[in-house]
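Please read the structure below before turning to the comments.
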Amino acid sequence: MLLEIKNLHANIEGKEILKGINLKVNIGEVHAIMGPNGSGKSTLAQVLAGREEYEVTKGEIIYNEKNLLELSPEDRAREGVFLAFQYPVEIPGVSNTNLLKTALNEIRKYQGQPELDAMEFLSLIKSKMKLVELDQTLVSRSVNEGFSGGEKKRNEIFQMAVLEPKLAVLDETDSGLDIDALRIVANGVNKLKSEKNAIVVVTHYQRLLNYIVPDFVHVLYKGKIVRSGDKSLALELEEKGYDWIKAPSDSVEVA
Amino acid sequence: MENTLDIKKIYLSHFADFEHSLNGGKSHPIHQLRKSAISNFSELQFPTTKEEEWKYTNISPLLKHSFEPAKRIFKDTEIKVNHYLFDKMEHSLIVFVNGFYSKELSKIKDLPRGVIIKSLADAIKEDHPIVNQHLGKYADFKNHIFTSLSSAFVQDGAFIYVPDGKVVEDPIHILFLTFAGKNKIFIQPRNLFVAGKNSQSAIIEHFASLAKDDIYFSNSVTEIVTEENAFLDHIKLQEESVQAFHIGRMDVHQERNSNFVSHLISFGADISRNDFNSRFNGEGGESMLNGLFLVEGNQLFDAHTLIDHAKPHCNSHEHYKGILTDSSRGVFNGKVIVRKDAQKTNAFQENNNIILSDNALVNTKPQLEIFADDVKCSHGATIGQLDNDAMFYLKSRGIGDDKAKAILIHAFASDVVRYIKVNPVRDYIEGILKSKFHEDQ
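Sequence order for the protein chains is A and B.
FYI, in our numbering the residues of the first sequence are 1 to 255.
FYI, in our numbering the residues of the second sequence are 256 to 696.
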């Protein structure tokens with residue numbers, strides 16, 4: 001088991017967003033977490049990455065036999081957790097390559113591997129750039145500064161390609177993308193998918209799952225996973241809409 | 256105030272000695288400037304925090320010391336200047352040790368015909384007409400006690416003259432090295448740069464101390480004239496001792512269509528105050544003021560800038576940034592005046608500060624005084640901490656807390672440094688920033 005989330009509760013500014021999440025992810029699997037706006041999808045992604053603003057009040061997360069909640073965000077990344085941000089941050093004055101070289105070498109140092117020199121690093125990123133069809137000028141520019149929405153999302157997947165995480169959480173990587181950009185991003189992810197990693201795709205739309213085919217689909221609603229199934233669940237959701245999920249679980253809550 | 260009076264007396268008595276030593280130099284027209292400046296000095300009081308212009312900068316620590324005028328060091332060839340030079344730069348180097356020109360350490364390259372780079376003392380001795388025409392004309396000392404002091408002690412500094420139409424390809428590096436040792440000295444470099452019509456040049460004023468904690472007082476005044484359509488790129492780099500006092504002033508007089516770029520990069524002193532005054536005296540002038548200061552410990556850095564849009568169709572762009580840690584203090588006071596006739600003025604002013612500790616403090620005051628109606632002006636100021644979102648983003652990529660901070664601070668600073676066009680100087684400053692933030696580790 002790569003990741004096990006047990007009865008996870010989390011607050012932001014005193015408001016409970018996650019109300020008991022349970023999830024198991026094995027290596028080699030692709031999981032999709034779907035749900036309407038405000039259901040807690042992004043909160044779950046941020047909690048996994050270690051965002052301090054979210055307070056975990058109950059439950060645990062075991063990752064690779066370690067207590068994930070006790071690790072700092074940087075140590076989580078060094079242990080192989082990667083979050084592709086829903087809203088990638090613009091950092092003027094810091095080049096993409098500088099960020100990636102620093103990050104990669106910090107991770108390698110932590111894992112007891114030798115650091116890459118400038119030449120090795122350059123040839124590595126050249127090969128990874130092709131995966132998401134990112135060109136050199138974008139890669140050498142300041143992190144996400146002035147990037148279009150699609151470029152930002154491709155840049156996230158590019159970073160994932162370079163850092164080679166064990167567990168990648170893609171937070172709404174598809175939102176706001178046109179179909180061409182979506183294909184590029186999904187192709188990139190599919191090429192990175194392997195028997196040595198696991199991917200958790202957080203999405204609002206079924207559309208992405210035509211390109212990244214999940215082994216499991218979970219529906220998050222009001223801070224809980226209310227339904228799990230295989231990829232057909234996503235199709236069912238697409239057909240019936242989220243109201244189909246909302247109605248019974250709301251009534252359960254009332255009762 | 257007893258103390259201040261005593262200090263004034265000490266400076267006055269130093270002036271008497273200085274005047275005595277001038278011997279035949281007293282008959283020079285420049286001496287009139289010295290005499291009226293010293294009499295003005297004797298009328299003025301050192302400023303206290305009760306005065307608006309000095310509200311946040313308490314100079315009483317400076318007035319506690321009795322500084323001696325610096326003496327010429329004759330063995331200055333033993334001083335190693337290499338450490339302060341910029342790598343891979345072809346340039347003219349003019350070195351001053353404790354305020355005095357060092358012929359031995361200077362290296363003036365072959366210059367275009369008519370271009371002058373020399374010691375002001377020599378130029379005064381030669382009775383150079385450009386010096387007589389401009390010296391003391393722009394840095395008005397009437398209400399300014401430190402400028403009065405500088406003008407009273409006018410002696411040496413850099414004199415640079417680029418005649419009409421001349422382009423000086425290689426930057427001119429002026430290095431003011433201070434070697435105080437156990438003596439508490441004051442040095443008063445006085446500079447005059449005159450850029451002729453259609454000329455182009457780049458000048459670096461570089462203040463450095465040989466020891467990190469020497470106590471000295473540097474009171475420098477630089478007057479700059481850019482004639483019609485001249486282009487002048489100016490960099491002031493301060494690497495003073497953390498116990499030094501630096502009072503610096505620069506007055507720029509810009510004629511029609513001239514372009515002046517100023518970069519002030521300061522790593523502070525104990526107290527450093529930088530006054531920058533510029534005046535557009537003709538239409539179509541352009542000026543850019545870039546500033547960056549980094550202070551730590553108990554350092555205080557103060558920048559007072561005044562841009563006077565006296566004529567129409569001029570553009571000014573000012574951006575100062577500060578980075579403060581420990582218990583350091585920062586002051587930014589930026590004033591832009593747009594006179595009644597200065598229509599079609601574009602004036603942009605911005606001051607951003609990052610505070611990295613609970614005890615550091617910045618006082619920022621951007622001011623616009625607009626008397627014309629068809630202008631575009633903006634100003635703003637921010638004081639904040641490092642961006643949380645950016646910090647989290649870097650950490651989520653495996654970058655540790657200290658390194659993430661260093662990267663973001665460096666990026667904040669680079670936003671100013673990257674506009675420096677003289678690459679070797681930019682690299683030199685980047686190098687200081689890197690070692691300051693231990694980014695290499």
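Here a beta-carbon is modelled for each residue, glycine too, at the ideal position from N, C-alpha and C.
Please read these numbers as outputs of a predicted model, since none were measured by experiment.
- When C-beta atoms of the stretch 187-194 of chain A are compared with those of the stretch 142-162 of chain A, three or more pairs fall below 8 Å, so the two segments count as touching.
- DSSP, read as helix, strand or coil, puts A:GLY35 in coil.
- Classified as buried, B:PHE441 has 16 or more neighbouring CB atoms from the shown chains inside 10 Å of its CB.
- Residues of the same chain with a CB within less than 8 Å of the CB of B:HIS389, apart from the 5 flanking positions on each side, are LEU447, VAL449, GLU478, VAL480 in chain order.
- For A:LEU83, the chain B residues whose C-beta falls within less than 7 Å of its own C-beta are SER651, listed in chain order.
- Proximity of B:GLY635 to chain A, defined by a Cβ-Cβ separation below 8 Å, is not satisfied.
- Of all residues in the stretch 31-51 of chain A, only ALA49, GLY50, ARG51 place a beta-carbon less than 8 Å from a beta-carbon of chain B.
- In terms of Cβ geometry, B:SER513 and B:GLU494 do not form a close pair [threshold 8 Å].
- Within its own chain, the residues whose Cβ lies closer than 7 Å to the Cβ of B:GLY354, once the five positions on either side in sequence are excluded, are ALA325, ASP411, ILE442, GLN443, PRO444, listed in chain order.
- The beta-bridge partner set that DSSP reports for B:TYR356 consists of B:PHE351.
- Secondary structure within the stretch 585-638 of chain B: not one fully enclosed alpha helix (DSSP H) run of 4 or more consecutive residues is present.
- Annotation for B:GLU538: ARG511, LYS566, PRO567, HIS568 place their beta carbon closer than 6 Å to its own, counting only its chain and skipping 5 residues before and after.
- Under the three-pair Cβ rule at 8 Å, the stretch 608-625 of chain B counts as touching the stretch 578-586 of chain B.
- Bounds of the beta strand (DSSP E) holding B:HIS501 are 500-509.
- Membership of B:ASP557 in any alpha helix (DSSP H) is not indicated; the residue belongs instead to the beta strand (DSSP E) covering 555-564.
- Inclusion of A:LEU177 and A:ALA32 in the CB contact set at 8 Å is not warranted, their separation being larger than that value.
- Sequence-distant Cβ neighbours of B:VAL497 in its own chain, meaning closer than 8 Å and more than five residues away, are LYS467, ASP468, GLY523, ALA524, ASP525, GLY552, GLN554.
- For A:GLY93, the chain B residues whose C-beta falls within less than 7 Å of its own C-beta are ALA666, PHE667, SER669, ASP670, listed in chain order.
- Neighbours of B:PHE647 in chain A, taken as residues whose beta carbon is under 7 Å from its own, are ARG51, PRO73 in chain order.
- Among the residues of chain B, those whose CB is under 7 Å from the CB of A:ALA103 are ARG652, GLY653, ILE654, following chain order.
- Residue pairing by DSSP puts A:TYR63 in a beta bridge opposite A:LEU3, A:LYS66.
- Taking each of B:ASP642, B:ASN529, B:ALA292, B:PHE270 in turn and checking the Cα distance to B:LYS392, the smallest one comes out for B:ALA292.
- Under a 10 Å Cβ-count criterion, B:THR312 is classified as buried, with 16 or more other Cβ atoms of the shown protein chains found around its own Cβ.
- Ranking A:GLY241, A:ASN96, A:LEU100, A:ASN26 by CA distance to the CA of A:ASN64 puts A:ASN26 first.
- With fewer than 16 neighbouring CB atoms inside 10 Å of its own CB, B:VAL422 falls in the exposed class.
- Per DSSP, reduced to three states, the secondary structure at A:PRO73 is helical.
- Within the DSSP bridge table, the entry for A:TYR221 names A:LYS224 as partners.
- Identification of residues in the stretch 154-188 of chain A having a C-beta nearer than 8 Å to some C-beta of chain B yields GLN159, LEU163, given in sequence order.
- B:ALA668 and B:PHE692 have their C-alpha atoms roughly 11 Å apart.
- Chain A has a Cβ within less than 8 Å of the Cβ of B:ILE662.
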